[in-house]
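Notes to accompany the following structure.
Numbering (the numbering used here), first residue to last: 11 to 302.
Rendered as structure tokens:
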């Protein structure tokens, strides 16, 4: 099993690309100390230019297709409702943890002073005693709205899709959709349609030549995708919080990433975008209120 995975060049390639955000965070945060450049470079270098270089137009057309699908299915009312609920829940949880950290010294997970110092060191805020500048407001809005869309396109769409292709079912055709699984890479939008009608087919048949069944591969891809998604956050969080907070947050993000992937597969990608926007807004609200 393990030897099969690491001999799989397609699998190794997508894992290496998914690890690039970790290296990006290490470089910009630990050597340059610039939090905003860490975010922008991750989006444009790790999640755009490098995947485009290795996957060519297929990467761009797949993302454009997914983005168009987001636009067609975007519902402003649902987005607002989901974002309000998620951001309220997330902000409440963050403040509860922060208050517990004050009351119980041994439970020191969210230390506001430590976070302030980290934000100052990384250039995310200029001076906590001064008013928040335009660049901070702009980057906060960008982080809350653009970041979730880019991350969902990269992690829950591109990375997960490539993991499925490298580990998934081969040479099986879904008679209901007339779609061949080997063509996923070139026709991902068709794969989304096929996916909704294919669970029984894939679970009923094993793959030839000793390959793992579709259900096992899907779960394996989900776990790997969620772990890789949470991993780069560790190198970000460790610059702003304690090691205990960073580890627990990374584990929590792996679980959240798995939940977002479930929402993506069970319902629609646009709902995972709504939830992600709400979560990022809760972080911004918490920081803005805490740093006053």
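In this text, a Cβ means the ideal position worked out from N, Cα and C, and glycines have one as well.
Residue burial classification, residue i (beta-carbon count within 10 angstroms, cutoff 16)
{"i": "residue 128", "result": "buried"}
{"i": "residue 82", "result": "exposed"}
{"i": "residue 76", "result": "buried"}
{"i": "residue 279", "result": "buried"}
{"i": "residue 254", "result": "exposed"}
{"i": "residue 87", "result": "exposed"}
{"i": "residue 269", "result": "exposed"}
{"i": "residue 78", "result": "exposed"}
{"i": "residue 173", "result": "buried"}
{"i": "residue 6", "result": "This structure leaves residue 6 out entirely; the chain is present only between 11 and 302."}
{"i": "residue 114", "result": "exposed"}
{"i": "residue 163", "result": "buried"}
Separation of residue j from residue i, as counted between CA atoms
{"i": "residue 228", "j": "residue 282", "result": "18 angstroms"}
{"i": "residue 232", "j": "residue 246", "result": "22 angstroms"}
{"i": "residue 297", "j": "residue 71", "result": "37 angstroms"}
{"i": "residue 93", "j": "residue 289", "result": "8 angstroms"}
{"i": "residue 177", "j": "residue 122", "result": "43 angstroms"}
{"i": "residue 287", "j": "residue 22", "result": "30 angstroms"}
{"i": "residue 19", "j": "residue 272", "result": "27 angstroms"}
{"i": "residue 161", "j": "residue 73", "result": "11 angstroms"}
{"i": "residue 158", "j": "residue 130", "result": "24 angstroms"}
{"i": "residue 30", "j": "residue 103", "result": "30 angstroms"}
{"i": "residue 234", "j": "residue 171", "result": "12 angstroms"}
{"i": "residue 301", "j": "residue 91", "result": "27 angstroms"}
{"i": "residue 175", "j": "residue 155", "result": "29 angstroms"}
{"i": "residue 126", "j": "residue 52", "result": "23 angstroms"}
{"i": "residue 101", "j": "residue 84", "result": "24 angstroms"}
{"i": "residue 65", "j": "residue 166", "result": "17 angstroms"}
{"i": "residue 293", "j": "residue 106", "result": "13 angstroms"}
{"i": "residue 284", "j": "residue 120", "result": "26 angstroms"}
{"i": "residue 274", "j": "residue 39", "result": "31 angstroms"}
{"i": "residue 112", "j": "residue 48", "result": "30 angstroms"}
{"i": "residue 256", "j": "residue 62", "result": "31 angstroms"}
{"i": "residue 45", "j": "residue 98", "result": "25 angstroms"}
{"i": "residue 95", "j": "residue 148", "result": "23 angstroms"}
{"i": "residue 41", "j": "residue 133", "result": "13 angstroms"}
{"i": "residue 226", "j": "residue 277", "result": "20 angstroms"}
{"i": "residue 27", "j": "residue 152", "result": "23 angstroms"}
{"i": "residue 291", "j": "residue 252", "result": "22 angstroms"}
{"i": "residue 259", "j": "residue 69", "result": "30 angstroms"}
{"i": "residue 124", "j": "residue 236", "result": "28 angstroms"}
{"i": "residue 135", "j": "residue 89", "result": "29 angstroms"}
{"i": "residue 249", "j": "residue 168", "result": "28 angstroms"}
{"i": "residue 25", "j": "residue 150", "result": "29 angstroms"}
{"i": "residue 230", "j": "residue 60", "result": "24 angstroms"}
{"i": "residue 146", "j": "residue 299", "result": "14 angstroms"}
{"i": "residue 67", "j": "residue 17", "result": "26 angstroms"}
Item to complete: Quick one: which unbroken alpha helix (DSSP H) runs of 4-plus residues sit fully inside the region 60–110? Chain order, please.
Response: 60–65 and 67–83
Discussion item. Would you call the region 27–34 in contact with the region 51–67, where contact means no fewer than 3 C-beta pairs closer than 8 angstroms?
Written reply: yes
Worksheet entry | Validate contact between the region 235–244 and the region 262–269 using beta carbons, cut 8 angstroms, 3 pairs | Note that the region 235–244 touches the region 262–269; at least 3 beta-carbon pairs, one per stretch, sit closer than 8 angstroms.
Practice prompt. Could you tell me which uninterrupted alpha helix (DSSP H) segments, each at least 4 residues in length, are contained entirely in the region 238–289, listed from first to last along the chain?
Written response: 253–276
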